[in-house]
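A short write-up of the structure that comes next.
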Amino acid sequence: MLYLLLYPLHTSFAPLNVFRYITFRTLLAGLTALSLSLLLGPTLIRRLIRLQIGQSIRSDGPAAHSVKAGTPTMGGTLIIFSLLLATLLLADLHDWYVWVAVLVTLGHGLIGFFDDYAKVRRRTSAGLPGKLRLAGEFGIAVAAAAALYGFSEHGGQLTMPFFKDVRPDLGLWYIPFGALVIVGAANAVNLTDGLDGLAIGPVMIAGGTLGVFAYTAGHAKIAEYLQIPFVPGAGELAVFCGALAAAGLGFLWFNAYPAQMFMGDVGSLALGAALGVVALITRQELVLVLLGGVFVIEALSVIGQVVSYKLRRKRIFRMAPIHHHFELLGWPEPQIIVRFWIVSIVCALLALSTLKLR
Ligand code: 57M
């Protein structure tokens, strides 16, 4: 909105010309989202405590988690509010990709909100029925993937990391594939969100990196030079990604060990879906597997554990997702968190290397 209001005035006031630049608006969106989340955080925590919106802890979890009972949850509302307000203020709202990203994020946030609300009301760790939740997530994700298939110039084409000439075309199969990317990312972030700051760190790192991919994909000359798909309009998603990383940074202030609040499903589902949809728009769906390596490892640890238990009646890990395994091995919580952040930074560097190594 600010962009649409202020930029046209540059003819009478030249300094406003700076609003033309995506880089400037990304920076400003980041500062806006960071300030909003830092300023509103304490009020939200007080309100959540007053409304008794606290976490119910599962009795079968690592014993160390019992002290976390009652920690205010649904802090994801703070991230979503800061992210969306900064995006709506500073992105070009004529760009339909911005709306796809906003709606997918908001839709998953709403599903997570109802899930959290059900848990808080019943004071248990069981929220909405799993099938209902998944149906809602797939409904939103299929609509987004179908729009991207139908209206984007790249149709059902994928980009292969490290291979510039391999561009498999999935045709109509792109729609279920794209939906799976969004829903998979949402649920993988959700599984990761089990220690203080464990999910938000890699989300910020992946979000910031996707901002670079969005900027390069939306810039004709850079895209041609790097031989990646040119997606006109994708550059505006750099503003969205900058706001996402910065809103996450503000939230981390309160979620850092020992956490004053958790993001809840409202945060984890929305943020994961946001990463998934930006990867689809920028045609970096396969790079997301590398970039979101921590989320992939967490999800695979659960799948491996369940399959192994069903087939062999034996567990691979002491407890899945894998962060619980390290807890039960005796690693202190902050050590697991920081080590997972390190893995996440390495994954981001590997993902960025695919821009040049092809
Ligand atoms: C939620 N998060 C929490 C908080 C957060 C299929 C199965 C593997 C699913 C999985 C599961 O339910 N995962 C999703 C993971 C919970 O956090 C809340 O949930 C939100 C995110 N969705 O924002 O509101 C707990 O996590 C801790 N936490 C922190 N700091 C944070 O910043 O410490 C969260 C955020 C919080 C707090 O303790 O209460 C959760 O429940 O873990 N299930 C599991 O993860 C369970 N694993 C399991 O059953 N493994 C089995 C099989 C099925 C693979 C096995 O290994 O044999 C474990 N979860 C827990 N205890 N809590 C089991 C033990």
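Heads up: the sequence shown begins at 0 in numbering that gives the first Met the number 0, then just goes up one per residue.
We put the CB at the ideal spot given by N, CA and C, even for glycine.
These numbers come from a predicted model, not from an experiment.
Is residue i near the ligand 57M, going by C-beta to nearest heavy atom under 7 Å?
i                 : result
lysine 163        : no
threonine 104     : no
glutamine 54      : yes
aspartate 59      : yes
leucine 190       : yes
histidine 153     : no
methionine 262    : yes
glutamine 304     : yes
threonine 42      : no
phenylalanine 316 : yes
valine 66         : no
asparagine 254    : yes
glycine 266       : yes
methionine 319    : Per the sequence presented here, residue 319 reads as alanine, with methionine not at that position. Yes, since a heavy atom of the ligand 57M falls inside the 7 Å radius drawn around the Cβ of alanine 319.
serine 124        : yes
alanine 185       : no
valine 301        : yes
histidine 9       : no
threonine 353     : no
histidine 107     : no
tyrosine 308      : yes
alanine 258       : yes
threonine 76      : no
leucine 194       : yes
histidine 93      : no
threonine 25      : no
threonine 158     : no
threonine 72      : yes
histidine 323     : yes
Whole angstroms is fine: what's the gap from residue i's alpha carbon to residue j's?
i                 : j              : result
phenylalanine 212 : glutamate 284  : 11 Å
valine 119        : isoleucine 44  : 15 Å
methionine 159    : alanine 272    : 21 Å
leucine 38        : alanine 32     : 10 Å
leucine 4         : arginine 57    : 49 Å
leucine 83        : tyrosine 173   : 27 Å
glycine 155       : tyrosine 308   : 37 Å
alanine 258       : threonine 70   : 8 Å
cysteine 346      : valine 293     : 8 Å
glycine 183       : proline 228    : 23 Å
glycine 200       : serine 11      : 43 Å
leucine 243       : isoleucine 78  : 8 Å
leucine 197       : valine 342     : 12 Å
arginine 312      : aspartate 114  : 31 Å
asparagine 189    : proline 14     : 43 Å
lysine 355        : aspartate 59   : 47 Å
glycine 303       : tyrosine 6     : 52 Å
proline 41        : glycine 177    : 37 Å
alanine 144       : leucine 279    : 8 Å
arginine 132      : cysteine 240   : 26 Å
threonine 215     : arginine 357   : 15 Å
glycine 29        : serine 352     : 24 Å
proline 333       : leucine 157    : 38 Å
arginine 19       : valine 238     : 12 Å
serine 65         : arginine 317   : 18 Å
proline 320       : tyrosine 2     : 43 Å
alanine 134       : tryptophan 98  : 22 Å
phenylalanine 80  : methionine 203 : 16 Å
glycine 138       : tyrosine 116   : 21 Å
leucine 328       : threonine 281  : 40 Å
arginine 121      : arginine 338   : 35 Å
My assumption, with CB atoms under 8 Å, is that residue i sits in contact with residue j. Please give the rounded CB distance.
i              : j             : result
isoleucine 336 : aspartate 164 : The pair is not a contact, with the Cβ atoms about 40 Å apart (cut-off 8 Å).
methionine 260 : leucine 35    : Incorrect: roughly 15 Å between the Cβ atoms, too far for contact.
glycine 263    : glycine 75    : 5 Å
leucine 89     : leucine 27    : 6 Å
glutamate 235  : isoleucine 21 : 7 Å
leucine 290    : threonine 208 : 6 Å
glutamate 326  : alanine 63    : 7 Å
methionine 73  : valine 265    : 5 Å
alanine 269    : glycine 111   : 6 Å
alanine 100    : valine 288    : That pair is no contact at about 20 Å.
isoleucine 181 : glycine 108   : Contact flag wrong, Cβ pair sits at about 13 Å.
glycine 206    : glycine 247   : 7 Å
glycine 232    : tyrosine 96   : 5 Å
Kindly examine the ligand GTP and report whether one of its heavy atoms sits closer than 7 Å to the Cβ of residue i.
i           : result
glycine 129 : Among the ligands in the structure shown, the ligand GTP does not appear; only the ligand 57M can be found there.
Taking only runs that begin and end inside the region 104-163, name each unbroken alpha helix (DSSP H) of 4 or more residues, in chain order. Correct list: 129-150.
Completely contained alpha helix (DSSP H) runs for the region 243-284, where each covers 4 or more residues: Annotation note: the region 243-284 contains the following uninterrupted alpha helix (DSSP H) runs of length 4 or greater, listed N- to C-terminal: 263-280.
Can you check the region 9-38 for any alpha helix (DSSP H) of at least 4 residues that lies completely inside it and give the ranges in chain order? None, since the region 9-38 contains no complete alpha helix (DSSP H) of that length.
Whole runs of the alpha helix (DSSP H) within the region 46-108, excluding any shorter than 4 residues: If we require 4 residues or more, the alpha helix (DSSP H) runs fully inside the region 46-108 come out as 75-89.
Let me know the alpha helix (DSSP H) ranges lying completely inside the region 297-348, each 4 residues or longer, listed in chain order. Runs found: 321-327.
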